[in-house]
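> Keeping their order, the protein sequence lines are chains A, B and C.
Numbering-wise (the working numbering), the first sequence opens with residue 1 and increments by one.
Numbering-wise (the working numbering), the second sequence opens with residue 455 and increments by one.
Numbering-wise (the working numbering), the third sequence opens with residue 924 and increments by one.
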Amino acid sequence: MSKEKTKINVFTKIGNRFKNGINGLKLFFKKCGRETYSSMAFMGLGQILNGQFVKGILYALAEVAIVVYFALTGVKDFIGFFTLGTTKADAWLQLAGDNSVIMLLRGILSWIVLTVTVALYLSCIKDANKYAEIKGVGNVPSFRDDLSSLLNKNFFKIALALPLIGVAIFNVLPIVFMILIAFTNYGGEIVPPELVDWSFDSFRKLIALGDFSQTFGRILAWNFLWATASTAFNYFAGLGLALLYNKKCVKGKAIWRAFPILAYAVPGFITLLAFQFMFSNGGPINNMIVNNGGQIVDFLGINSKWIARGIGFFVNAWLSIPSIMLLATGILTNINTDLYEAARIDGANGFVQFRKITLPFVLFSTTPVLISQFVGNFNNFGVFYFLRKDILTDGYLAANDTDLLINWLYRLSIDNNYYGVGAAISLIIFVITSVISLIVYVRSSAYKREDTFK
Amino acid sequence: MKKVWSVVLAALLVVCACVSLISCGKGGKEIIIRVLENDTAKDKGYLDYLLNAFNEKYKDQNVKAVDANMDEYCDLENDGPYGYGPDVLYQANDILMKYVNGKHILPIEISELDCYEHIPQNAWDAYKANVEGRDVYCGVPVNVQQPLLFYRKDMLPDNWKTDWDKNNNDIPDMVEFWTEMYRYSKSIRDTDKSKFGYAVNLTNEYFNSGFLFSYGAYVFGNNNTDDKDIGLASGDAKIGAKIIWDLAGLMDLKCADESFTNARTTMLANGTIFANVCTPDITTQFLKDLALEYKKQGLSEEQANEKANENLILTTLPKLPKNGDITVEQDVTDETLWMSQKTMGGVNGYGISSYAKNREWSLKFVEFATSLEMVTKRQELLGIVPARDDALTNEDDIATKITFQNLNDGTLVVMPSISSVRAIWTPIKSCFKTIATDGCGKRTFSIDDMQTELNKMVANIKSQIETLQ
Amino acid sequence: MRKPGIRAKKVADSCLTYAILTVVSMVFLFPILWLVLSCFSANGSIYSFNGFFPTSFSFDSFKNLFTDTKTYNYPSWFGYTLLVAVISSVVGTLLVILTAFTISSFQFSGRKFLMKGALVLGMFPSFMGMTAVYLLMTQFGFINNHVGLALIYAGGAPMGYLVQKGFFDTIPSSIYEAARIDGASNLHIFCTITLPLSKPIIVYTLLTQFAWPWSDFILPKLLLKDRELWTVAVGLMSLPETEFARFAAGSVFIAVPIVILYFFLSKYLINGLSAGAVKG
């Protein structure tokens, strides 16, 4: 009953919105003047008519650039996105054919340009319309006014522009590429010069594979346990360490802090290799055990599921605590010392001060650390790759019992070149983990009450 | 308001437009051949020698061979098409041949090469592939890699001529027969727990899969070309697996990870282990460490080197009993009870990238680099086993003699050259690890358990090759 | 009666503190010490010692590292890594700080969407995107180019803005109010008030951005084909197993610039609000 009701509600909502949209458009066209229409014809014309020459020229230049791009390669790339190539290359005959993956990449780029073009056009029309209306009433802002507003009211736009472009190119684009790869048959034998095609084969294979879901379930469970446990431990240990180094009675703080920094300064893969050797059957730890009359302990061996997991946990703590300590030290400096003063006057002892002032403050300001640590640990590739990469366990499809999802993914996609299947798995993982972490994040106090300490 | 956005986006678009205009039209007059060699060849000075010799010979032809200066395991499939790969590359057969599918390396008319007749057909076959219905050869063999037995002569028992040479051929029985090796290793272990007789990393997939092959296993069916047929658990492979398990009983858990691989040269030098299996290119490292050890005992540099050369012996792997039980003594004088152990080997050689700027000169370079003079020099500097039979001039070169013999009689099983081969290594390693771990610990496996483990390994490989592909 | 009690408590407290500090320091120092000592071992192999530490020492490994550069050109790798690290730490820190500051102190439409988006994108396994990054760089002609590599590091850095935003969230907004009333622009506020207050977090960001190129070997391996142009991490990973001493020496030496940078910056690390002139 209620389900149906919401359904109807949603439909009426969408219907209403659609109606409103059409009405709005009608109204818009009725109202707008020649400035708006000329901006529709060619970007920037409207602005020039409005007397905003620099802005108008900038818009016009953008349009020229867009046209040049599409004329030169954009249209071809856009079509290539759908065909993914039609002629196969033959290196022996020096026949330069189509490279499907490059075409896919360029296709995505052309989509991005297309979207940007549409957005630009809309903004240009809106802008022309807005100032055409203002022009009749008051002053149209000069280019200089626009610039100064960018330093002030709209500072965020200028500040975010560069980071957003960087992230878009180096993070978002590759992710979009990989997600699309999941819907192709790329991988295995089908890599350039073979032509890649759009297909759902990867997902079909995953569903057909009985072992797959079993392995996936086991690894996912361990992955969550790992991420939660190591995040909690590293976080509190790092925080504790920072508080310890901050104590008044500690002399030579910089020196004491240097020890964990030293650990931080040696690259992770090197310490991981060193630890792997230390815990190996012929390594120094086992040497000592044997010299003292003991038996070799198979720390990372084929049957040492929980010992190996424990060692991974310890090694990961060793690697991540220093950076958390460093960060917490930085954040702790922002704590308002007046509060302690007041508390001391009120006669609160050290522990009460810690519980009432330090802890809430630290917990609040480091929740983001907690989240990014969780994300980092969830996708922690290095630890078990270096400690136990040679082992496959029964009951796991091409994985072992300490592998995290990311290790498994690596075995499947990089070791064996199954890009399509790898991308499909990572898409599934990605959807699950991002939904979970999104829910946790939105509910966290750092997200809900960002300005507690402001 | 949107100006900054517009400017930045416009700039971005201009960049995009420019990218499509970029064309690589650099034309130098001199023909450059970029050669990728392995790190050892570079380190020991062979590459310089080769390049200089080539450039000297063709100095008036306006051609120059240079070091490609890339990672020795470069990825031609991903670098070549974009112009970043080498022109000529030296690789193991499985690596070189995985490029054939995408036609990333060129077929070579081998019968027109000088070296054609001097290289055994078995070595050529490592570079044979069937492309679009015809057989092509895509590489020229230079060196054959196979595991050999290394041992210390001065660690043999003093009375070996009387007590350990029952067939009176002046070869100690423990390095000639696996049963004797087992017995000798056990006697060493029984007297001193910290010492080992035969000690290797039993998880090494190259050195130990020979035990499986000897009793009927194979990698892929139809001469290593059919990846639907995985034969690693076929025949009496379980007997081979049990030998690995028995050998593990002579060692400790160090055999179940990389410990013996990492420490083999130092352990052999300081007398912790008596014998080890390795490829001949590590010989120099063994000699170096052994000489260092002798020097510590007070010998001069020269004496130490001489003594190391005299006492480090490399030889063919011991013979296996046909019934597969190495734990009981068998009559070593009766030849019918014994067979040679098969080993997995590889053929390293040159291939030519399909993206080479100048194919004729690249081929000329390969021809030059596989000439008798160059291969002999390579053998001299790097201690490798050449694939040319006429390079076998030095009668004392045991490694070369053994390898040729093995290559010809089929004892040397050359690694498959099809691309699915990359799916086999981790499962094999993991399976050997399971067997070795049990063999030197609980020792609960029965012969049927061996078969189960092998079957699991094959299933693992199968699921990676077939189900996902 | 009470005073000596408190003093005794204090003494006990600092004894306990120092005891914990010593233990913690040992835990962190020991593996590093082991690594350092093993690269001074005489025969250049860690597999030869029977206990934890070598028995005889020599400087050969370090000498080889810097003089024997024919196949393994460590000095060149080191120089290039330094270049990449410096560019990526400066540019990356700027981008991260800008992002974090903006998101922390501005309310604009799409802000929450950006925050959620960054979180979700961060969950994607990064190496899956490597193929795309490589293809992209071949299209831009950025192969064998260190600036391109540094740009990737810096460009991706704002994804980790969350930590820095957490810091900015703790700066009381009352500090800004006064300046706003005086008519200062946002850029002015950012440069004269926010930046000086954020030294600790800037130092932290600089350090992390600086340290990452030293330990990443996947991306540079993909983008730098020429051996001379490699970064230290790629070079070390390419060393054969027989070169362990060189490997250890090379890895220990990486720590030098990072540790120097730490000591150079450490006084700013604790130099935030509480030590600063302005108090909420």
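Using N, Cα and C, we set each Cβ at its ideal position, and we do this for glycine too.
For a contact defined as C-beta to C-beta under 8 angstroms, what are the partners of Arg1150(C) on chain B?
Neighbours of Arg1150(C) on chain B, chain order: Asn523, Met524 and Asp525.
> In this structure, how does DSSP classify Leu603(B) when only helix, strand and coil are distinguished?
Three-state result, Leu603(B): strand.
> Quick check on this structure: which residue in Leu753(B), Ser884(B), Thr891(B) and Ala841(B) has the alpha carbon closest to the alpha carbon of Cys569(B)?
It is Ala841(B) whose Cα lies nearest to the Cα of Cys569(B).
> Can you grab the Cα-Cα spacing for the pair Gly685(B) / Asn777(B), in whole Å?
Rounded to whole angstroms, Gly685(B) to Asn777(B) spans 20 angstroms at the Cα level.
> Report the option in Ile562(B), Lys607(B) and Glu634(B) whose CA atom is closest to the CA atom of Asp619(B).
The candidate whose alpha carbon is nearest that of Asp619(B) is Glu634(B).
> Output the boundary residues of the alpha helix (DSSP H) element that contains Met798(B).
Taken as a continuous stretch (DSSP letters only), Met798(B) belongs to no alpha helix (DSSP H), being part of the beta strand (DSSP E) at Thr797 to Ile806.
> Helix, strand or coil, according to DSSP, for Thr190(A) in the structure here?
For the record, residue 190(A) in the displayed sequence is Ile; it is not Thr. It is a strand residue.
> Kindly indicate if chain A contains any beta-carbon less than 8 angstroms away from that of Ala1134(C).
So, interface residue.
> Under the three-state reduction of DSSP, which class applies to Asn909(B): helix, strand or coil?
Of the three classes helix, strand and coil, the one that applies to Asn909(B) here is helix, per DSSP.
> Any C-beta of chain B within less than 7 angstroms: which residues of the stretch 260-282 of chain A qualify?
Those would be Ser280, Asn281 and Gly282, in chain order.
> Give, in chain order, every residue of the stretch 83-96 of chain A whose Cβ lies closer than 7 angstroms to some Cβ of chain B.
Cβ contacts with chain B: Asp90, Ala91 and Trp92.
> Where do the N-terminal and C-terminal ends of the alpha helix (DSSP H) with Lys582(B) fall, by residue?
Not the alpha helix (DSSP H): Lys582(B) falls in the beta strand (DSSP E), residues Lys582 to Val585.
> Inspect the beta-carbon positions of Ile642(B) and Phe631(B) and report whether they are closer than 8 angstroms.
No, these two residues do not count as a Cβ contact at 8 angstroms.
> For the pair the stretch 34-42 of chain A and the stretch 109-128 of chain A, tell me if three or more CB-CB distances fall below 8 angstroms.
Touching, per the Cβ criterion.
> May I have the straight-line CA-CA distance separating Pro934(C) from Lys247(A), to the nearest angstrom?
In the sequence on display, residue 934(C) carries Val and not Pro. The straight-line gap from Cα to Cα measures roughly 13 angstroms.
> Would you say Asn516(B) faces chain C, with C-beta separation under 8 angstroms as the test?
Answer no: the Cβ-Cβ gap between Asn516(B) and chain C never drops below 8 angstroms.
> List the residues of chain B that Pro1163(C) touches, going by C-beta distances under 7 angstroms, in chain order.
Result: Asp493.
> Quick one: measure Cβ to Cβ for Ile562(B) and Leu817(B), integer angstroms, because I've assumed they're closer than 8 angstroms.
With a Cβ gap of about 7 angstroms, Ile562(B) and Leu817(B) count as contacting.
> Runs of 3 residues minimum, wholly inside the stretch 1091-1154 of chain C: which ones carry the beta strand (DSSP E) assignment?
Within the stretch 1091-1154 of chain C, no complete beta strand (DSSP E) run reaches 3 residues.
> Restricting to runs no shorter than 4 residues, where is the alpha helix (DSSP H) found entirely within the stretch 18-43 of chain A?
Those alpha helix (DSSP H) runs which fall completely within the stretch 18-43 of chain A and span 4+ residues are 34-41.
> Less than 8 angstroms between the C-beta atoms of Val839(B) and Thr854(B), yes or no?
Result yes, Cβ atoms of Val839(B) and Thr854(B) sit closer than 8 angstroms.
> Can you list, in chain order, the residues of its chain with a C-beta nearer than 8 angstroms to that of Cys478(B)? Leave out the 5 residues immediately preceding and following it.
Model confidence at Cys478(B) stands at a pLDDT of 37, short of 50, so the residue's coordinates are unreliable and nothing is read from them.
> Could you tell me which of Ala89(A), Ser426(A), Asp390(A) and Ser213(A) sits nearest to Leu193(A), measuring between CA atoms?
Reading the sequence as shown, one finds Pro at residue 193(A) and not Leu. Comparing Cα positions, the closest option is Ala89(A).
> With Thr769(B) as the anchor, note down where its beta strand (DSSP E) starts and where it stops.
That run of the beta strand (DSSP E) goes Leu766 to Thr769.
> Identify the contact partners of Tyr536(B) in chain C, using a Cβ-Cβ distance below 8 angstroms as the criterion.
Ordered by position in chain C, the residues that pass the 8 angstroms Cβ test against Tyr536(B) are Thr1061 and Ile1066.
> Rounded to whole angstroms, what's the CA-CA distance from Val1019(C) to Phe11(A)? Just pull it up for me.
Approximately 42 angstroms between the Cα atoms of the pair.
> Count the other CB atoms, across all protein chains shown, that sit within 10 Å of the CB of Arg930(C); report buried if there are 16 or more and exposed otherwise.
With fewer than 16 other Cβ atoms within 10 Å, it is exposed.
> If contact means a Cβ-Cβ distance below 9 angstroms, which residues of the stretch 694-728 of chain B contact chain C?
Within the stretch 694-728 of chain B, the residues whose Cβ lies closer than 9 angstroms to some Cβ of chain C are Glu712, Ser713, Thr715, Asn716, Ala717, Arg718, Thr719, Thr720, Met721, Ala723 and Asn724, listed in chain order.
> For Val801(B) and Ile856(B), what's the separation of their Cα atoms in angstroms?
One C-alpha to the other measures close to 15 angstroms.
> Please list the partners that Thr994(C) has in chain B, where partner means a Cβ-to-Cβ separation under 7 angstroms.
Within 7 angstroms Cβ-Cβ: Asp493, Lys496 and Asp497.
> State the Cα-Cα distance for the pair Gly283(A) and Phe277(A), rounded to the nearest angstrom.
Answer to the nearest angstrom: the Cα atoms are 6 angstroms apart.
> Please report the distance separating the alpha-carbon of Glu747(B) from that of Ala758(B).
For Glu747(B) and Ala758(B), the distance between alpha carbons rounds to 8 angstroms.
> Output the distance between the C-alpha atoms of Val594(B) and Thr1016(C), rounded to the nearest integer angstrom.
Those two C-alpha atoms are separated by around 52 angstroms.
> At what residues does the beta strand (DSSP E) containing Gly651(B) begin and finish?
Where Gly651(B) is concerned, the enclosing beta strand (DSSP E) stretches over Phe650 to Tyr652.
> Evaluate contact between the stretch 1173-1191 of chain C and the stretch 286-303 of chain A, counting only Cβ atoms and requiring at least three cross-stretch pairs below 8 angstroms.
Because the criterion of three Cβ pairs below 8 angstroms is not met, the stretch 1173-1191 of chain C and the stretch 286-303 of chain A do not touch.
> Please list, in chain order, the chain C residues whose beta carbon lies closer than 8 angstroms to that of Tyr419(A).
Going along chain C in sequence order, the residues near Tyr419(A) (Cβ under 8 angstroms) are Thr1054.
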